[in-house]
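Scroll down for the structure; my scribbles are underneath it.
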Amino acid sequence: MKQAHRVVGTSARRADAVAKVTGGARYTVDLSVPGMAYAFVVRSTRAHAAITGIDRTAAAASPGVIRVLIGDDLLAAGLTPYYGHVVLDHPVLAIERVRFQGEPVAVVVAETKREAAEAAELVDVSYEDLPVVIDAQEALKPDAPVLHERRGERVGDEGMDEGEKGLVGNVCAIARVEWGNIDEAFAGAHLVVEGEYRYPMLYGYAMEPYNALAFFDQGDLVVFSTAQHVYMVRRDLARMFHLPLARVRVSAPYVGGGYGTKSYTKVEGMTAAAAFFTGRAVKLDLSVEEAMLTTRSASAHIRARSAFTADGRLLGRDFQIVMNNGAYTDNTPLVNSKTANRCFGPYRIPALRVVARSVFTNTVPSSSLRGFGAPQGNIAGELQMDEAAAKLGIDPVELRLRNLVGPGEEFMPGKRPLDADLKDDLRCLASSLEWPGTSIGRSIGLGVSASDAGAYPTSTAAVRIHSDASVTLFTGSTELGQGSRTVLAQIVAEELGVALETVGVVNGDTGVVTYERTTGASRTTTITGRAVQEACRDARQRVRDLAVQAFDLPRGDIEDIPGGIRARGRDLSYGEVIEKWFGAGGEVLGHGAVRRAEGFAKMPPFYEIGCTGLELSVDRETGQVHVIKLTTVGDVGFAINPALVHGQDAGAAMMGLGAALHEELIYEGGQLVNPNVVDYRVPRFADIPDDMVHLLAERADGSGPFGAKGAGEGAGNTVGSATASAIGRLLGIFPHELPATPERVWRLIREAERRGRSQ
Amino acid sequence: MGTREIRLRVNRGERRVVIEDQTLLIELVRGLGLVGTKLSCDSQVCGACTVLLDGRPVSSCTTLAIEADGKPVETIEGLADGTKLHPLQEAFIERFAFQCGYCTPGMIVSAKALLDAHPEPDVAKVRHWMEGNICRCTGYQTIVEAVLDAADQMRSAR
Amino acid sequence: MLRRFDVHRVTSVAEAVALRQRFGEDAAIYAGGTELLLAMKMGVARWPHLIDVKPIGSLAQISASTDTLRIGATATHWDIERNPLVAEALPALAQLEANVANVRVRAAGTLAGNLAFGEPHADPPSMLIALGARVLLEGRAGSRSVAVAEFITGMYETALAADEVIVAIEIPLPGKNVRAVYVKFQILERPSVGVAALGTVRDGRFVGAPTVVVGAVDEMARPVPTAQFAGADARDAGTLEAIADAARAAVEPIADLAGSVEFKRHLVGVITQRACAALAAEAL
């Protein structure tokens with residue numbers, strides 16, 4: 078039942094609207110300071126090799142060059158040259174060895190970018206090739222070349238994985254989820270669906286490539302960058318340069334796309350090192366090609382079995398997952414763990430066994446990408462529901478309804494019970510797509526998922542109420558396009574009862590705003606939003622305190638009203654209270670903090686729901702897929718700004734469609750074959766489904782402000798599995814590998830014809 | 044040959060700039076402080092760098108600056124009239140046709156060229172014309188709607 | 008950011024030829040630069056001198072006589088798409104031009120430049136070859152014309168001599184009753200298969216043999232032997248399949264990110280059938 082709200086719940090105009098449509102928005106790539114020098118990275122041409130020598134003489138003598146830096150320089154200077162979210166194994170610049178083609182080996186700093194680039198070609202690196210391993214299964218073999226004989230220091234994070242047990246050879250992370258008696262479950266099954274599934278390596282393609290500007294300001298390190306998590310980068314840089322956190326400032330202006338790809342430290346270390354060694358402000362801009370050699374997402378190879386009764390109830394599920402996480406650890410233990418949690422789906426499962434392993438290979442390191450293991454898990458877990466339905470002769474929607482857990486039901490032992498009505502969501506989705514569909518040559522696929530939000534609930538916020546009753550919000554949340562500046566401002570406007578236009582936002586700058594753990598994992602509305610509410614509550618408390626003193630009022634007599642207080646029948650605005658207390662000018666500061674307690678004590682802080690389906694047709698002669706309709710159900714508890722939720726759902730669904738049909742990073746013998754947007758195919762205008770529908774389910778069942786839950790990833794999580802299931806029902810064979818390119822679909826069609834099974 | 048001086052009209056101003064033959068138009072534009080035009084793919088396929096050169100949309104990342112000699116160049120900064128936004132800009136705002144905003148200047152400039160050439164496009168025309176502009180955030184639908192809205196707006200204003 | 012080079016603006020073809028002679032391999036003809044500058048950016052080629060032929064007014068012209076369409080070397084895809092002479096005489100070419108690359112490439116890129124670069128994954132060559140188009144060249148020894156079919160000699164290779172400049176493309180206008188269609192299959196930035204088909208269908212039969220040229224899939228566009236289909240029933244599935252067979256046999260597809268040899272060969276057959284069916288649909 079929706080309450081009446083003034084500002085939240087409305088599709089308020091974006092706070093950054095005018096800036097972005099006029100070209101006035103500033104991104105890190107647009108920043109410069111006088112006397113700035115430019116950096117250019119020298120990258121490894123080998124996938125796996127020992128570095129036997131780096132000859133910098135010619136480069137250093139090249140016109141305009143200030144310095145040529147290598148990894149050994151950082152070591153020699155006593156810096157900590159390794160970084161990493163969980164394990165400090167990622168060298169800022171390669172030390173002794175390179176582990177993937179494209180790995181930074183040296184950085185040239187020069188007066189102009191052209192001079193730096195020209196000098197970079199003169200850096201002569203000699204290598205002694207080592208055996209290369211690209212495929213994760215190959216990397217698991219006992220005779221595979223080992224990438225990390227010595228593991229880096231474990232700095233840990235959130236305890237999301239098993240720690241160091243079992244991390245032998247190239248195994249980077251292991252996660253296990255187990256309950257019930259799995260052997261019994263399968264022994265007693267009426268039907269066992271068994272298969273192998275593959276999800277590709279993807280590139281997020283945020284259109285602004287990684288870049289940074291770094292300088293030392295009287296001993297303090299200042300870095301502007303494209304970071305989503307400015308406080309995490311601050312911590313990494315503080316560790317690297319042995320500085321206290323208070324002496325490192327990381328600031329992210331508008332970020333040109335994140336999607337998780339800009340989580341954690343990327344080029345900040347290199348740029349800061351360049352500033353450190355030259356004493357100059359240094360700008361480092363990567364090209365898109367270089368960005369594609371910096372971060373990708375993990376691919377997955379999953380062997381799955383699901384056991385069902387005759388009437389389609391799950392008895393047990395068994396997943397063996399192997400993910401390819403590339404050359405360094407980054408946040409792999411988290412992604413690995415989440416894939417393990419997100420593969421089996423929000424169903425009642427009496428017996429479960431999941432073993433997920435992520436494996437080092439000589440490829441670009443993998444890190445976060447929208448979905449964070451759910452898309453990978455779903456290609457096995459959700460697709461097997463459809464495969465089972467086909468074999469049992471049960472409607473796949475009905476099959477899901479029989480197994481889905483209900484609101485308030487626990488489906489992962491010890492974790493927060495489900496905070497969503499998935500059955501209702503699924504029915505809503507099915508209805509929108511006119512399930513089961515009757516047209517020949519068209520097919521509908523749909524999927525449901527509930528991701529245990531990975532967001533650790535640490536967040537703070539501050540609000541300053543000025544003497545004219547306008548408000549400034551301080552938040553460490555970065556604006557990536559998701560609309561955090563707008564949503565958080567709406568919460569402030571609602572809580573304090575002021576006009577949205579009078580709320581200003583200062584964000585994403587560790588030197589100015591208050592601590593925010595991360596911007597990602599769909600956490601901002603829920604977790605940061607709660608911190609913002611607490612800050613507003615605190616501010617109102619202070620206003621009441623001031624009013625007591627300034628107007629000599631009894632505390633009990635003061636009532637909060639929009640924009641101020643009421644006491645003894647008289648309304649006073651914030652400004653009036655402030656001015657009266659100070660005598661002239663002044664302001665009130667409110668601070669709020671949330672942590673893993675109270676509303677957020679139970680993990681996960683919320684479940685991010687994915688409920689997306691589509692209707693498609695296939696050109697049987699070419700294998701080309703055409704999407705007729707796509708519907709997302711945004712089960713977000715409460716949409717602070719419905720238009721922004723729709724935007725996130727549309728964007729996530731489109732990204733999901735990219736992976737489902739076209740996107741795939743391809744390696745050939747150690748070289749990434751398509752590190753550019755010409756050969757890595759992202760969705761275009763021509764790929765828009767004929768009809769796109771974005772629905773909202775708002776039951777105020779979340780732990781966030783006004784019952785909100787997170788959005789931004791969910792809508793894409795089942796697009797891959799839904800696409801595969803729609804194709805499967807149409808052709809009579811379910812694809813087990815994404816992307817379902819025309820050639821793959823064509824081969825399936827031929828296979829189906831051979832088996833004589835198609836519609 | 045070293046450097047060359049060219050004269051060009053950028054948005055509403057006349058500029059005289061010293062460039063080299065291999066200077067790219069995007070380097071010239073951004074070098075003038077007009078940083079709304081963005082570099083992304085650097086290979087003509089994404090459209091983030093779109094500017095209008097003599098009324099035609101071009102990839103400024105793969106156009107020589109000398110081509111602007113004596114010609115009008117329009118960038119995103121030239122669309123608004125002081126604080127009065129162009130109907131495309133208003134429509135992009137109303138329709139939430141952007142999120143991170145990085146593709147937006149190129150997208151809007153490209154759409155302006157479309158509406159200059161085809162004041163009453165249909166959906167297919169919009170998609171075809173804009174096919175060379177990539178957006179990674181929005182899923183494109185709201186952009187199509189914004190362009191059509193702007194076309195309607197501009198038609199009724201005539 | 009590009010390596011340093013000099014741009015020489017010339018005002019006559021003779022001047023362009025002279026500079027070609029003077030600089031040899033160090034010079035390239037430059038008009039739109041859409042292929043050239045990209046190649047330089049990617050580091051696959053380098054020319055210290057670019058000869059800008061855009062100031063030569065005669066090269067921009069598109070003109071038609073009763074039996075020939077002449078497209079100047081600096082005419083852009085954008086110009087050709089919109090030119091009323093092209094729309095009237097060869098609507099299929101106008102449509103092809105309207106779908107080359109993206110609008111920005113069309114705004115600056117030239118048809119001549121497209122041919123000169125010899126890009127295998129290109130749209131125009133198959134249509135131009137099917138039309139019997141010729142490239143008009145001028146060099147130190149004077150002018151000559153070369154059939155487009157002979158002008159492109161391999162991947163990124165043409166018959167353009169070191170001192171030569173493309174002046175125009177001349178297309179003999181097909182007869183009044185001849186129809187032309189171009190159908191392509193494209194998923195990535197460039198087409199994977201493009202089929203140009205020309206012919207006349209009257210009372211359901213081909214008048215003479217249809218002309219079919221398959222492009223974008225092999226090192227260069229390949230004409231398909233179709234003599235045996237003269238007078239064939241253009242709407243018969245067997246005829247279309249036989250033409251598709253001939254097309255598949257006429258190409259050696261190059262495997263790449265868009266597909267394997269086997270898949271591309273299959274697509275050649277499919278797209279050829281669709282092109283010929285489209286031709287039959289334009290029957291008299």
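Chains as they are written, first to last, in the numbering used here: chain A, 78 to 836; chain B, 44 to 201; chain C, 8 to 291.
A virtual CB, placed ideally from N, CA and C, is assigned to each residue, including glycine.
Nothing here was measured: the structure is a model prediction, and the numbers come from that model.
- Residue state for residue 171 of chain C is assigned as coil, using DSSP reduced to three classes.
- When the five nearest sequence neighbours on each side are left out, the beta carbons in the same chain lying within less than 6 Å of the beta carbon of residue 458 of chain A are those of 420, 421 and 422, in order along the chain.
- Within the segment 699–724 of chain A, 699, 700 and 701 place their CB atoms closer than 9 Å to a CB of chain C, listed in sequence order.
- In this structure, residue 57 of chain C keeps its C-beta atom at 9 Å or more from the C-beta atom of residue 71 of chain C.
- The C-alpha of residue 592 of chain A lies about 53 Å from the C-alpha of residue 265 of chain A.
- With respect to the C-alpha of residue 55 of chain B, the residue from B:77, B:70, B:64 and B:47 having the closest C-alpha is B:77.
- Counting C-beta atoms within 10 angstroms of its own C-beta, residue 218 of chain A has fewer than 16 neighbours from the protein chains shown and is therefore classed as exposed.
- Annotation: Cβ neighbours of residue 40 of chain C in chain B (cutoff 9 Å, chain order): 105, 106, 107 and 110.
- Neighbours of residue 85 of chain C across chain B, judged by C-beta separation under 9 Å: 99.
- Counting along the chain, residue 512 of chain A sits inside no alpha helix (DSSP H), nor does DSSP assign it H or E at all.
- Here DSSP, grouped into helix, strand and coil, assigns residue 135 of chain C to helix.
- For residue 230 of chain C, the uninterrupted beta strand (DSSP E) segment begins and ends at 229–231.
- Proximity of chain B to residue 244 of chain A at the Cβ level (cut-off 9 Å) is not reached, the minimal Cβ distance being about 35 Å.
- If you check each beta-carbon in the segment 737–758 of chain A against every beta-carbon of chain C, the ones closer than 8 Å belong to 739, 743, 750, 751, 755, 756 and 758.
- In this structure residue 728 of chain A touches residue 180 of chain B by the C-beta definition: roughly 5 Å separates them, less than 8 Å.
- By the C-beta density criterion, residue 91 of chain A is buried, having at least 16 other C-beta atoms within 10 angstroms.
- Note on residue 465 of chain A: 16 or more other CB atoms within 10 angstroms of its CB, so buried under the neighbour-count rule.
- Here residue 104 of chain B carries a helix assignment [DSSP, helix/strand/coil].
- By the C-beta density criterion, residue 162 of chain C is exposed, having fewer than 16 other C-beta atoms within 10 angstroms.
- With fewer than 16 other Cβ atoms from the protein chains shown falling within 10 Å of its own Cβ, residue 618 of chain A counts as exposed.
- Closest option to residue 54 of chain C, judged by alpha-carbon separation, among C:64, C:36 and C:60: C:36.
- Scanning the segment 767–819 of chain A from its first residue to its last, the whole alpha helix (DSSP H) runs of 4-plus residues come out as 791–794 and 796–808.
- When Cβ pairs closer than 8 Å are counted between the two stretches, the segment 553–568 of chain A is seen not to touch the segment 822–836 of chain A, the count staying below three.
- Beta-carbon to beta-carbon, residue 801 of chain A and residue 819 of chain A are separated by about 15 Å, too far to satisfy the 8 Å threshold.
- Looking at the backbone, the Cα of residue 153 of chain C and that of residue 364 of chain A are separated by about 41 Å.
- Around residue 165 of chain B, no beta-carbon contact reaches into chain C at under 8 Å, the shortest distance being about 15 Å.
- Secondary structure note for residue 610 of chain A: it is in no beta strand (DSSP E), and the uninterrupted alpha helix (DSSP H) holding it is 606–628.
- Distances from the alpha-carbon of residue 133 of chain A to those of A:105, A:384, A:203 and A:814 put A:203 closest.
- Per DSSP, residue 256 of chain A is one residue of the beta strand (DSSP E) stretching across 248–256.
- DSSP places residue 134 of chain A in the uninterrupted alpha helix (DSSP H) bounded by 134–138.
- Across the segment 13–24 of chain C, CB contacts with chain B closer than 9 Å involve 13, 14, 15 and 16, in sequence order along the chain.
- For the pair residue 243 of chain A and residue 293 of chain A, the CB atoms are not nearer than the 9 Å cut-off.
- Here residue 552 of chain A is near residue 565 of chain A, since their CB atoms are less than 9 Å apart.
- For residue 130 of chain B, the nearest beta carbon of chain A is not closer than 9 Å to its own beta carbon.
- Nearest neighbour of residue 598 of chain A by Cα position, chosen from A:683, A:398 and A:463, turns out to be A:683.
- With contacts defined by Cβ atoms closer than 9 Å, residue 139 of chain A and residue 187 of chain A form a contacting pair.
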